[in-house]
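Peer 1:
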Amino acid sequence: MADTNDRVMAMVEKELQADPEISNEDLRTKAEKLDEGVARMSARQFNARYPLQVKRRLRPRRSGGRKSARRGAGRKRGGKTRAAGGAKRGRPAGAGRKARRPAAAKSARATRGGQEDGTRGRVRATMLDFARDLASADGAGLVDVIAGVDGYVDRVLEATGRS
1441 MADTNDRVMA MVEKELQADP EISNEDLRTK AEKLDEGVAR MSARQFNARY PLQVKRRLRP
1501 RRSGGRKSAR RGAGRKRGGK TRAAGGAKRG RPAGAGRKAR RPAAAKSARA TRGGQEDGTR
1561 GRVRATMLDF ARDLASADGA GLVDVIAGVD GYVDRVLEAT GRS
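Going by our numbering, 1494 is the number at position 54 of the sequence shown; the sequence numbering is gapless.
(1) Considering only the beta carbon of each residue, do Arg1447 and Leu1474 sit closer than 7 Å?
(2) Leaving aside the five residues before and after Val1478 along the sequence, list all residues of the same chain whose C-beta is less than 7 Å from its C-beta, in chain order.
(3) What is the DSSP secondary structure of Ala1428, reduced to helix, strand or coil?
(4) Quick one: what's got a C-beta closer than 7 Å to Val1563's C-beta in the same chain, skipping five residues either side?
(5) Rounded to a whole number of angstroms, what is the C-alpha to C-alpha distance between Ala1548 and Gln1457?
(6) Determine whether the beta carbon atoms of Thr1559 and Tyr1592 lie at a separation below 7 Å.
(7) Which of helix, strand or coil does DSSP assign to Thr1469?
(8) Between Gln1493 and Thr1444, what straight-line distance do the alpha-carbon atoms span, to the nearest angstrom?
(9) If Val1585 and Leu1574 are in contact, beta carbons under 8 Å, what's the gap, nearest whole angstrom?
(10) Taking the alpha carbon of Glu1455 as the reference point, which residue from Ala1488, Gly1561, Lys1495 has its own alpha carbon closest?
Here's what the structure looks like:
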């Protein structure tokens, strides 16, 4: 990942804590005063390098076992809501999709009962947290995440009842 300016990162964090609704344009304008390299970045690059990283670090960690807010009947796509399984623009519903398996052919996981599904969900959430932390880490932070893999292993073992 590209290098970040610590002064710009600190300023962005301070501004986001004071006003979480501040626009990226306002943040970028302030950042350009601290680092001329910010002016050479696109708006997307700036957002990815500074505000997005700060927002990820500041948001509360989810506990395992809770389903993602993105799951459900309605999903936000390009400013419009469409039902899961609904048609995309210009295509009839179901076009270009794999056929769904009939209920009898569903995996054994669905028939094992709620206990195992809850365990699976907690393990999955732990693995996603690990992947998310890896993806947002850079340089020495990446080494720290990998060095802390035992914490993720402990969470998996705890979720499976084998701690």
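Backbone N, C-alpha and C fix where the C-beta goes; we use that ideal spot for every residue, glycine too. Fair warning: this is a prediction, and the values are worked out from it, not measured in the lab.
Peer 2: Taking the coordinates as given:
(1) Position 7 of the sequence shown holds residue 1447. Position 34 of the sequence shown holds residue 1474. Going by C-beta atoms, Arg1447 is nearer than 7 Å to Leu1474.
(2) If you number the sequence shown from 1, residue 1478 lands on position 38. Val1448, Arg1468, Ala1471, Glu1472, Phe1486, listed in sequence order.
(3) Outside the displayed span of the chain (1441 to 1603) sits residue 1428, for which this structure offers no information.
(4) Working through the sequence shown from its first residue, we reach residue 1563 at position 123. Counting only Cβ-Cβ distances below 7 Å, and skipping sequence neighbours, we find Val1596, Ala1599, Thr1600.
(5) On the sequence shown, position 108 is the one that residue 1548 refers to. On the sequence shown, position 17 is the one that residue 1457 refers to. Low confidence applies here, because Ala1548 scores a pLDDT of 47, under 50, leaving its location unreliable; read the following figure in that light. So the two alpha carbons sit approximately 46 Å from each other.
(6) What you label residue 1559 is simply residue 119 of the sequence shown in a count that begins at 1. What you label residue 1592 is simply residue 152 of the sequence shown in a count that begins at 1. Not in contact: Thr1559 and Tyr1592 (Cβ atoms no closer than 7 Å).
(7) Translated into the one-based positions of the sequence shown, residue 1469 becomes position 29. Thr1469: helix per DSSP, three-state reduction.
(8) Counting from 1 along the sequence shown, the entry for residue 1493 is found at position 53. Counting from 1 along the sequence shown, the entry for residue 1444 is found at position 4. In a straight line, the C-alpha of Gln1493 is about 10 Å away from that of Thr1444.
(9) What you label residue 1585 is simply residue 145 of the sequence shown in a count that begins at 1. What you label residue 1574 is simply residue 134 of the sequence shown in a count that begins at 1. Contact holds; Cβ gap of about 5 Å.
(10) Your numbering for residue 1455 matches position 15 in the sequence shown. Comparing Cα positions, the closest option is Lys1495.
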